Ligand code: SAM
């Protein structure tokens, strides 16, 4: 039996065989440490009945470790040069399917329906291409993909924003969107040395557990996210000024927004970054009644 794909020797052999050159523009930093990969997989809590969805399999290092523990793996890869490589490296695992598509453009729900059974528990596991970490996570949440856990490697700065607390500089609309749908924790810190080529940034693995229902109930979800986004428009401005700048409505809108803030019991001089998700929910519902 061959060594695992993620060993440095095997990775180098695969890269040499195909004359593969890394594309920085596609965030290609491959993992060459099977211990780290096993830890990532363990955090996804997969069973032999689970399905796994990977974004960006590269040459199959993580895909192989997923294939060893679960029933079915599907992996979206954008780079056509990697498709024949993956066919080769993953040939011992017939329960792996490679989808040659840009994950951000794919109809992922349809793909999941095609490949998994209705009652199958699914987790998303990936060493993400860092240039699109946030859009990928937001797509998984906004498309309401039916995952149990999402265990993803990303640059440390983004991980810090995801788990940030109110009143800190990292707290923002990403924190709130993720908190709305999931509980988030950093489960692993990963050194640069386990990648080729080595990235310039430190990495962490974050686990997002999907909540059974969102943490707060709001009248209109997209309006709620609009309020959040508007509140962080310019971080140094007060919530009153940020909301006033982004809500279109006659000249009295500032007074109306002020009245809404009072109704929601939020001091108009506060900054968006100090509001909890419960306060945003309350404010969003009051604004919704007055602006919709
Ligand atoms: N999973 C491999 C590993 O851990 O060694 C490779 C991870 S590498 C950080 C990111 C991978 O995502 C690359 O294979 C890259 O080609 C792929 N990728 C980049 N953008 C993508 C996109 N929009 N959709 C799907 N795959 C993408």
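In my numbering, the protein residues as written are 1 to 292. Virtual Cβ for every residue (Gly too), placed ideally from N, Cα, C. All of these numbers come straight from a predicted model, not from anything done at the bench.
| Query | Result |
| --- | --- |
| Where the beta strand (DSSP E) through residue 190 begins and ends | 182-190 |
| Closer than 7 Å: residue 35 CB and nearest the ligand SAM heavy atom | no |
| Three-pair Cβ contact test at 8 Å for the stretch 79-95 versus the stretch 104-115 | no |
| Short Cβ contact (8 Å threshold) for residue 151 with residue 69 | no |
| beta-carbon residue 31 near the ligand SAM non-hydrogen atom, thresh 7 Å | yes |
| Residue 207 (DSSP reduced to helix, strand or coil) | strand |
| C-beta contact flag for residue 61 and residue 20 at 8 Å | no |
| Exposure of residue 212, with buried meaning 16 or more beta-carbon neighbours within 10 Å | exposed |
| Same chain, Cβ closer than 6 Å to residue 280, five either side skipped, listed in chain order | 228 |
| Residues sharing a beta bridge with residue 31, DSSP | 195 |
| Residue 242 in three-state terms, based on DSSP | helix |
| Buried or exposed by the 16-neighbour rule on C-beta atoms within 10 Å, applied to residue 272 | buried |
| Beta-carbon contacts of residue 261 that lie in its chain and below 6 Å, excluding the five residues immediately before and after | 268 |
| Where the beta strand (DSSP E) through residue 323 begins and ends | A question about residue 323 goes unanswered here, because the residues of the chain that appear run from 1 up to 292. |
| As assigned by DSSP and simplified to three states, the class of residue 284 | helix |
| Buried or exposed by the 16-neighbour rule on C-beta atoms within 10 Å, applied to residue 16 | exposed |
| Minimum length 4: unbroken alpha helix (DSSP H) runs contained in the stretch 92-133 | 108-115 |
| C-alpha gap between residue 182 and residue 239, whole angstroms | 25 Å |
| Cβ-Cβ distance between residue 96 and residue 63 below 8 Å | yes |
| Segment limits, beta strand (DSSP E) that includes residue 74 | 72-76 |
| beta-carbon residue 84 near the ligand SAM non-hydrogen atom, thresh 7 Å | no |
| At least three beta-carbon pairs within less than 8 Å, the stretch 71-82 to the stretch 152-162 | no |
| Exposure of residue 153, with buried meaning 16 or more beta-carbon neighbours within 10 Å | buried |
| Residue 272 in three-state terms, based on DSSP | helix |
| Backbone CA spacing between residue 258 and residue 292 [nearest angstrom] | 16 Å |
| 8 Å Cβ cutoff met for residue 219 and residue 285 | yes |
| Rounded separation between residue 193 and residue 65 - CA only | 20 Å |
| Run of the alpha helix (DSSP H) containing residue 218, from where it starts to where it stops | Where residue 218 is concerned, there is no enclosing alpha helix (DSSP H), given that its DSSP letter is neither H nor E. |
| First through last residue of the beta strand (DSSP E) which encompasses residue 44 | Note, residue 44: premise wrong, no beta strand (DSSP E); not H, not E. |
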